[in-house]
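Trainee:
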Amino acid sequence: MFGLPGLTALVLFGFPIFWLLYTLVFFLKTRNWVDDSENEGGKS
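Residues in the sequence shown are numbered consecutively from 2, following the numbering used here.
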């Protein structure tokens, strides 16, 4: 890809894609975190 060796292209483009997916999943899983923690019944 773009004249780069396969492993180099994988590292250059794979890591940012993985990081974006990881961040999106993190935000989706924690978007209601405050609401969930308030509804658990325990005061902290």
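Using N, Cα and C, we set each Cβ at its ideal position, and we do this for glycine too.
In whole angstroms, what is the alpha-carbon distance linking TRP34 and PRO17?
Mentor: In a straight line, the C-alpha of TRP34 is about 26 angstroms away from that of PRO17.
Trainee: Would you please state the rounded distance, in angstroms, between the beta carbons of PHE3 and ALA10? I believe it to be under 8 angstroms.
Mentor: The pair is a contact, with the Cβ atoms about 7 angstroms apart (cut-off 8 angstroms).
Trainee: Taking the alpha helix (DSSP H) that LEU28 belongs to, which residues open and close that run?
Mentor: According to the sequence provided, residue 28 is Phe. The question's Leu does not apply to it. 7-31 is the span of the alpha helix (DSSP H), which, as asked, contains PHE28.
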